[in-house]
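Reviewing the structure listed below.
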Amino acid sequence: MTNQSRFNSKSPLLSEYQEPLIRHLHVSAEDVCDEKLLEFNPVFSPTNTTTNSNKTFSLSQVLKFVLTFLSDDSGEPRHIYRGLSTIFFLGAALGLILPNNYSFKLQGFWYPHFSSIIGYTYFTAWSISFYPQLLLNFRKKNTKGLSVDFCYMNVLGFLCYAIFNVSMYYSKNLQQQYAIRHNLQPIKVAPNDVAFAIHALLLSMVWVLQIWHYDGKNNPIKRPSTITLVCIASILVTCVTYALLILVVHHFGHDGNYYGLNWLDYMYTLANFKVFITFVKYCPQVILNARRKSTQGWNIWNILLDFTGGILSVTQLVLDCWNTHDWSGITGYPAKFLLGCVSILFE
């Protein structure tokens with residue numbers, strides 16, 4: 100047999116391995132997470148593997164387990180179980196590694212760790228909830244099924260929430276004002292609240308950028324409605340005007356506490372705006388789904404992770420108040436409690 104005939108494409112030796120080899124070379128990142136590939140592709144099959152393919156198989160299994168919620172939107176129960184299991188594992192790991200909420204005067208040895216685990220688990224769930232939709236838009240190269248009004252309102256809402264959390268967590272002046280007003284109790288803004296608010300603001304902006312990139316800023320279908328623009332403009336004007344009044348009053352040495360012209364009440368106003376926006380921002384998405392009679396284009400993990408984060412957020416706040424026998428954590432920080440309740444209600 101000549102060398103030419105030995106390597107001929109019709110050779111039985113070559114044809115036996117040609118097709119699986121070609122399939123292996125064309126495996127995409129999405130296919131790696133597809134269980135059908137593991138079942139039918141000889142290269143990835145656990146019964147027909149060499150040492151190298153065993154490593155590939157193990158890696159693909161790990162990726163499939165950990166990244167299910169980032170690559171799948173089918174809603175299969177086994178994928179939901181794997182995705183939520185990963186969320187709880189990551190949250191528990193972060194809660195044990197990162198600092199606990201000792202500033203809340205939590206009682207007991209184990210409870211601060213338990214509270215931290217709950218907090219970072221809801222932070223993980225709510226934070227990761229932004230990525231499946233982002234990746235879905237990227238794969239489709241369009242944002243069909245995603246309400247543009249929802250996205251614009253989301254940016255403004257998380258802008259208010261980020262300013263509130265960052266200010267209340269880092270400003271000693273605001274913390275003193277809060278303690279005076281609430282029987283010397285510390286405000287229950289945790290580090291995971293700050294991290295989530297900033298992260299959510301950035302990812303919300305990426306959603307809007309995807310709308311501009313894939314569907315165009317001047318696309319009539321992807322323009323925010325007049326009601327949304329009026330609502331956003333009204334909130335922005337109110338916030339700017341309120342801040343200017345506080346600066347003017349303090350500049351002339353007047354006490355603005357009687358009129359509510361102080362930074363603590365300003366932060367409460369921002370938090371209330373966030374709650375209001377959260378309540379109304381889901382309405383355009385619900386209406387869009389009803390008009391289309393479909394949720395295609397709206398990733399199911401938006402619902403699952405938002406619902407999970409809402410339950411855990413409310414649970415942490417209630418348990419912290421119960422542990423410290425101080426329910427001003429809810430009355431003095433209603434934004435976190437109401438945000439969790441609204442998320443549970445709409446999901």
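Counting from 100, one number per residue, gives the positions in the sequence shown under this note's numbering.
Glycine included, every Cβ here is placed at the ideal spot set by N, Cα and C.
Runs of beta strand (DSSP E) lying entirely within the segment 247-318, each at least 3 residues, in chain order: none
Where the alpha helix (DSSP H) through residue 323 begins and ends: Position 224 of the sequence shown, counted from the first residue, corresponds to residue 323. Unbroken run through residue 323: none, as it is neither H nor E.
Nearest candidate by alpha-carbon position, reference residue 403, set 218, 326, 228, 195: In the sequence shown, the residue the question calls residue 403 occupies position 304. It is 228.
Between residue 380 and residue 263, is the Cβ-Cβ spacing less than 8 Å? Residue mapping note: residue 380 aligns to position 281 of the sequence shown, counting from 1. Residue mapping note: residue 263 aligns to position 164 of the sequence shown, counting from 1. Remark: C-beta atoms of residue 380 and residue 263 do not approach each other more closely than 8 Å.
CB contact flag (residue 185, residue 411, <8 Å): The residue you call residue 185 lines up with position 86 of the sequence shown. The residue you call residue 411 lines up with position 312 of the sequence shown. Result no, Cβ atoms of residue 185 and residue 411 do not sit closer than 8 Å.
Grab the span of the alpha helix (DSSP H) containing residue 378 for me, first residue to last. Residue numbering aside, residue 378 sits at position 279 when the sequence shown is read from its first letter. It spans 362-391 - the alpha helix (DSSP H) in which residue 378 sits, taken as one unbroken run.
Boundaries of the alpha helix (DSSP H) in which residue 421 is found, first to last residue: Counting from 1 along the sequence shown, the entry for residue 421 is found at position 322. Counting along the chain, the alpha helix (DSSP H) containing residue 421 begins and ends at 399-423.
For residue 394, name the three-state secondary structure that DSSP assigns. Taking the first residue of the sequence shown as position 1, residue 394 is located at position 295. Residue 394 falls in the coil class under three-state DSSP.
Would a C-beta distance cut-off of 8 Å place residue 388 and residue 314 closer than the cut-off? Residue mapping note: residue 388 aligns to position 289 of the sequence shown, counting from 1. Residue mapping note: residue 314 aligns to position 215 of the sequence shown, counting from 1. No; because the gap between Cβ atoms is not below 8 Å, this pair is not in contact.
Assumed close pair residue 218, residue 296 - CB separation to whole angstroms, cut-off 8 Å: Mapped onto the sequence shown, residue 218 falls at position 119. Mapped onto the sequence shown, residue 296 falls at position 197. Rounded, the Cβ-Cβ distance is 13 Å, inconsistent with contact.
Close beta carbons around residue 224, own chain, < 6 Å, minus the five adjacent residues each side: Position 125 of the sequence shown, counted from the first residue, corresponds to residue 224. Around residue 224: 186, 404, 407, 408.
To which residues of the same chain is residue 347 closer than 6 Å at the C-beta, ignoring the five residues directly before and after it? Translated into positions along the sequence shown, residue 347 becomes position 248. Nothing listed; no residue qualifies.
Under 8 Å, do residue 260 and residue 331 count as touching if we go by C-beta distance? Here the question's residue 260 lines up with position 161 in the sequence shown. Here the question's residue 331 lines up with position 232 in the sequence shown. No, these two residues do not count as a Cβ contact at 8 Å.
At a cut of 8 Å, does the segment 263-282 reach the segment 362-372 through at least three beta carbon pairs? yes
Contacting residues, own chain, Cβ-Cβ under 6 Å from residue 110 (five flanking each side not counted): In the sequence shown, counting from the first residue as 1, residue 110 sits at position 11. Because residue 110 carries a pLDDT of 45, less than 50, the predicted location of this residue cannot be relied on, and the following value inherits that uncertainty. Contacts found: none.
Where residue 179 and residue 226 are concerned, what is the direct C-alpha to C-alpha distance, given to the nearest angstrom? Locating residue 179 in the sequence shown gives position 80, where the first residue counts as 1. Locating residue 226 in the sequence shown gives position 127, where the first residue counts as 1. Computed Cα separation, rounded: 17 Å.
Classify residue 277 as buried or exposed, calling it buried when 16 or more other Cβ atoms lie within 10 Å of its own Cβ. Locating residue 277 in the sequence shown gives position 178, counting from the first residue. The residue in question, residue 277, is buried, as its Cβ has 16 or more Cβ neighbours within 10 Å.
If we call anything under 8 Å between Cβ atoms a contact, is residue 182 one with residue 377? Against the sequence shown, residue 182 aligns to sequence position 83. Against the sequence shown, residue 377 aligns to sequence position 278. The answer is no: Cβ separation not under 8 Å.
Closest Cα partner of residue 383 within the set 197, 193, 244: By 1-based counting over the sequence shown, the position of residue 383 is 284. Nearest of 197, 193, 244 to residue 383, Cα basis: 244.
Rank 421, 206, 439, 188 by C-alpha distance to the C-alpha of residue 375 and give the top, closest one. Counting from one through the sequence shown, the residue named residue 375 turns up at place 276. Nearest of 421, 206, 439, 188 to residue 375, Cα basis: 439.
Using CA atoms only, rank isn't needed, just tell me which of 420, 429, 397 is closest to residue 232. Here the question's residue 232 lines up with position 133 in the sequence shown. Taking only the C-alpha atoms, the option nearest residue 232 is 397.
State yes or no: is the C-beta of residue 206 within less than 8 Å of the C-beta of residue 423? Position 107 of the sequence shown, counting from 1, holds the residue named residue 206. Position 324 of the sequence shown, counting from 1, holds the residue named residue 423. Their beta carbons are under 8 Å apart, which means residue 206 touches residue 423 by this criterion.
Determine, using beta carbons only, whether residue 273 and residue 363 come nearer to each other than 8 Å. Locating residue 273 in the sequence shown gives position 174, counting from the first residue. Locating residue 363 in the sequence shown gives position 264, counting from the first residue. Contact flag set, yes.
Residue 292 and residue 435 look like a contact to me (Cβ under 8 Å); what is the Cβ gap, rounded to whole Å? On the sequence shown, position 193 is the one that residue 292 refers to. On the sequence shown, position 336 is the one that residue 435 refers to. Between residue 435 and residue 292 the Cβ distance is about 7 Å, and since that is below 8 Å, they are a contact.
Output the distance between the C-alpha atoms of residue 216 and residue 234, rounded to the nearest integer angstrom. Position 117 of the sequence shown holds residue 216. Position 135 of the sequence shown holds residue 234. Using only the alpha carbons, I get a separation of about 27 Å.
In the DSSP assignment, find the unbroken alpha helix (DSSP H) run with residue 241 in it and report its ends. As a first step, residue 241 is located in the sequence shown; it is residue number 142 there, counting from the start. Where residue 241 is concerned, there is no enclosing alpha helix (DSSP H), given that its DSSP letter is neither H nor E.
As a quick exercise: from 429, 419, 441, pick the residue whose alpha carbon is nearest that of residue 211. Translated into positions along the sequence shown, residue 211 becomes position 112. Per the Cα distances, 419.
Enclosing alpha helix (DSSP H) for residue 225 [first to last residue]: As a first step, residue 225 must be located in the sequence shown, where it is residue number 126. From DSSP, the alpha helix (DSSP H) with residue 225 extends over 210-227.
Can you tell me where the alpha helix (DSSP H) with residue 190 in it begins and where it stops? As a first step, residue 190 is located in the sequence shown; it is residue number 91 there, counting from the start. Counting along the chain, the alpha helix (DSSP H) containing residue 190 begins and ends at 176-196.
From 237, 285, 270, 401, residue whose alpha carbon lies closest to that of residue 299: What you label residue 299 is simply residue 200 of the sequence shown in a count that begins at 1. When only C-alpha atoms are compared, the closest one is 401.
On the CB-based measure, 16 or more other CB atoms within 10 Å of its CB, does residue 413 come out buried or exposed? Residue numbering aside, residue 413 sits at position 314 when the sequence shown is read from its first letter. Buried, because 16 or more other Cβ atoms sit within 10 Å of the Cβ of residue 413.
Same chain, Cβ closer than 7 Å to residue 189, five either side skipped, listed in chain order: Locating residue 189 in the sequence shown gives position 90, where the first residue counts as 1. Contacts found: 223.
Tell me whether residue 327 is buried or exposed, calling it buried when 16 or more other Cβ atoms sit within 10 Å of its Cβ. The residue you call residue 327 lines up with position 228 of the sequence shown. By the neighbour-count rule (16 or more Cβ atoms within 10 Å), residue 327 is buried.
What does the alpha-carbon distance come out to for the pair residue 267 and residue 285? By 1-based counting over the sequence shown, the position of residue 267 is 168. By 1-based counting over the sequence shown, the position of residue 285 is 186. When rounded, the distance between both Cα atoms is 10 Å.
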